[in-house]
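No gaps in the numbering here: position 355 of the sequence shown is 354 in numbering that gives the first Met the number 0, and each next residue is one more.
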Amino acid sequence: MVEQELLAEGCAAYAAGQLVAAEAAFRSLPDDVDALSNLGAVLNATQRHAEAEAACRAALALQPQCWAAWSNFGTALHSQQRYDDAIAAYATAVRQNRGAINAWTNLGVALAEQGRVVQSLAMHAAAVSLAPEDAEVRANHALALLAAGDLARGFAEHEWRWQVPSMLPHGVPGPCWQGEDPAGRTILVHDEGGFGDTLQFVRYVPLLAARGARVLLRVQPPLVRLLRRMPGPVAVLGRGEAVPEYHMQCPMLSLPHGFGTALQTVPAQVPYLPVDAAKAAMWRARLAGEGLRVGLVWGGASRPGMAVAHAMDSRRSLPVAALATLAGITGVRFVSLQKDQDPPPGLDMANPMPDCADFDDTAAVVAGLDLVIAVDTSMAHLAGALGRPVWLLSRYDMCWRWLHGRRDSPWYPGLRLYRQPAPGEWGPVLREVADDLRAAAQQSGQLDLLSAHRDFREPCGLL
Numbered sequence: 000m001v002e003q004e005l006l007a008e009g010c011a012a013y014a015a016g017q018l019v020a021a022e023a024a025f026r027s028l029p030d031d032v033d034a035l036s037n038l039g040a041v042l043n044a045t046q047r048h049a050e051a052e053a054a055c056r057a058a059l060a061l062q063p064q065c066w067a068a069w070s071n072f073g074t075a076l077h078s079q080q081r082y083d084d085a086i087a088a089y090a091t092a093v094r095q096n097r098g099a100i101n102a103w104t105n106l107g108v109a110l111a112e113q114g115r116v117v118q119s120l121a122m123h124a125a126a127v128s129l130a131p132e133d134a135e136v137r138a139n140h141a142l143a144l145l146a147a148g149d150l151a152r153g154f155a156e157h158e159w160r161w162q163v164p165s166m167l168p169h170g171v172p173g174p175c176w177q178g179e180d181p182a183g184r185t186i187l188v189h190d191e192g193g194f195g196d197t198l199q200f201v202r203y204v205p206l207l208a209a210r211g212a213r214v215l216l217r218v219q220p221p222l223v224r225l226l227r228r229m230p231g232p233v234a235v236l237g238r239g240e241a242v243p244e245y246h247m248q249c250p251m252l253s254l255p256h257g258f259g260t261a262l263q264t265v266p267a268q269v270p271y272l273p274v275d276a277a278k279a280a281m282w283r284a285r286l287a288g289e290g291l292r293v294g295l296v297w298g299g300a301s302r303p304g305m306a307v308a309h310a311m312d313s314r315r316s317l318p319v320a321a322l323a324t325l326a327g328i329t330g331v332r333f334v335s336l337q338k339d340q341d342p343p344p345g346l347d348m349a350n351p352m353p354d355c356a357d358f359d360d361t362a363a364v365v366a367g368l369d370l371v372i373a374v375d376t377s378m379a380h381l382a383g384a385l386g387r388p389v390w391l392l393s394r395y396d397m398c399w400r401w402l403h404g405r406r407d408s409p410w411y412p413g414l415r416l417y418r419q420p421a422p423g424e425w426g427p428v429l430r431e432v433a434d435d436l437r438a439a440a441q442q443s444g445q446l447d448l449l450s451a452h453r454d455f456r457e458p459c460g461l462l
């Protein structure tokens, strides 16, 4: 009876988000299969995936038919990017329990991250059929559809994100614009996500204004000066500023759904952000000289206190030592676009970032560059929005927006994607970039000629 009470106590604490209490209760039952499996779930939730793996192994040693332990085991392995083992664990869970919804959807996510698009969509479809009202299942399905290039269905499904329990509500009152005739209405478009999301999807704001809407655009303060240069009846506000009255509101990533965006109709005319001409001329003069001017971004911005975001940031950021591969390339002058970090040792580069207070200043620097090489951060979006060539260095489990099986982007015509061939492997990426950069430098300023001689659309590796 005491064991059952402790197990129930741990489950109640876990359901209430009291993870410390839940862990203590489950650890007090070291020989109970359910307690060990649930301990794995708690440890996964606190980003202690190696410990979660050990707890699940102990549970499975006691009872190999415990489907929940297989599912939690899969999550522990998946979070360590051990994809083959994670997929096998999730598959075992769904074989043992066809109603294991989390295992179905996590299996779909893992397959998508491996680029196995067809299989991924089948797993998500199975999860949706089992739990059509589960917002997390639907939101994961949305990302798989988007990554597969089914943008119309994906953005429609993406509206489920606001019902996911862990998703912070945007807190903006009023009906959401979903494609109705906006003429004569004032619509508040507000940011969600990071700077890159705003820079990518702000392209829709002039289109909304062109349909007759008066747009109030609320964004992160470092973007205000830059976005106030956009044409049309658009009033740009920073977070925290008083918002005038409006008729409807729309989160930034709901704009593509409102416009019915499909892969063939992505509004990809660049540049769509104007820069301060005087500042841009000043930076072109300061960075003048022989060779290609190449902006470089090697790290993302971590968010303190957010363990999941920190883990993602560590995967998308380059170790500084890896940049040595780019050293010594003749005909290239590197320009740091990395905020609050010193340029890496051994790599000679100009560093204008101490003089850049916000994105408006940085845009003036980027406008005069021949190329930007960046990990998956807002700087890649800024360069793309300014119509500059971008070479994007992507982690293996790349973001949905770059699409599976492609090395170009429908969002930014001048973008070329370099993806890790395996989790954590930056060496092959940087060697390919170095080779392409040498070729570009030899052609000195004719980057379009280089891309025209290669096919950057690769077929999907569908299994």
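Backbone N, C-alpha and C fix where the C-beta goes; we use that ideal spot for every residue, glycine too.
Between the alpha carbons of residue i and residue j, how many angstroms are there, rounded?
i	j	result
serine 450	leucine 391	Any answer about serine 450 is weak, because its pLDDT of 44 lies below 50 and its placement is not dependable; what the coordinates show is given next. Taking the straight line from one Cα to the other gives about 14 Å.
serine 335	threonine 324	16 Å
glutamine 64	aspartate 196	43 Å
aspartate 434	proline 412	22 Å
valine 428	proline 422	12 Å
alanine 68	threonine 45	17 Å
alanine 51	alanine 58	11 Å
glutamine 340	methionine 251	30 Å
leucine 106	serine 119	7 Å
glycine 193	glutamate 112	21 Å
arginine 456	arginine 405	Because arginine 456 carries a pLDDT of 34, less than 50, the predicted location of this residue cannot be relied on, and the following value inherits that uncertainty. Each residue's alpha carbon lies about 5 Å from the other.
proline 353	leucine 198	22 Å
serine 393	glycine 383	15 Å
glycine 9	valine 108	28 Å
alanine 124	glycine 148	16 Å
Can the beta-carbon of residue i be found closer than 8 Å to that of residue j?
i	j	result
arginine 418	aspartate 407	no
leucine 346	leucine 322	yes
arginine 217	threonine 185	no
isoleucine 100	leucine 129	yes
tryptophan 176	methionine 247	yes
threonine 376	valine 319	no
alanine 40	asparagine 71	yes
valine 373	alanine 366	With the sequence shown as reference, residue 373 is identified as alanine, and valine is not the correct amino acid for it. No, they are not a contact pair.
alanine 363	valine 274	yes
From what residue to what residue does the alpha helix (DSSP H) around residue i run?
i	result
tyrosine 486	There is no way to answer for residue 486, as the model of the chain reaches only from 0 to 462.
valine 41	32-44
threonine 376	Counting along the chain, threonine 376 falls outside any alpha helix (DSSP H), and DSSP gives it neither H nor E.
arginine 430	426-442
alanine 24	18-26
leucine 120	116-129
alanine 14	1-14
Please classify residue i: is it buried, with 16 or more other beta-carbons within 10 angstroms of its beta-carbon, or exposed?
i	result
alanine 326	exposed
alanine 156	The sequence shown places glutamate at residue 156, rather than the alanine named in the question. Glutamate 156 should be labelled buried.
leucine 385	buried
tyrosine 13	buried
glutamine 268	exposed
Where do the ends of the beta strand (DSSP E) carrying residue i lie?
i	result
valine 293	291-296
serine 393	389-393
valine 201	Premise fails: valine 201 is in no beta strand (DSSP E) and is neither H nor E.
Nearest chain D C-beta to residue i closer than 8 Å, yes or no?
i	result
arginine 315	Reference to chain D is not applicable here, since this structure consists of a single protein chain.
Flag residue i as yes when its Cβ comes closer than 7 Å to any non-hydrogen atom of the ligand GTP, and as no otherwise.
i	result
tryptophan 297	Ligands are entirely absent from the displayed structure, and the ligand GTP is therefore not among its contents.
Check your understanding: Along the chain, which unbroken stretches of the beta strand (DSSP E) at least 3 residues long are found entirely within the segment 204-270?
Key -> 213-218, 233-237 and 247-250
**Study point:** alpha helix (DSSP H) segments (min. 4 residues) lying fully within the segment 60-96
**Key:** 66-78 and 82-95
Check your understanding: What are the uninterrupted segments assigned as beta strand (DSSP E) that are 3 or more residues long and contained completely in the segment 144-195, given in chain order?
Key -> 185-189
Review point. Which ranges does the alpha helix (DSSP H) cover as unbroken runs of at least 4 residues, wholly within the segment 295-373, from first to last along the chain?
Key: 306-315 and 358-365
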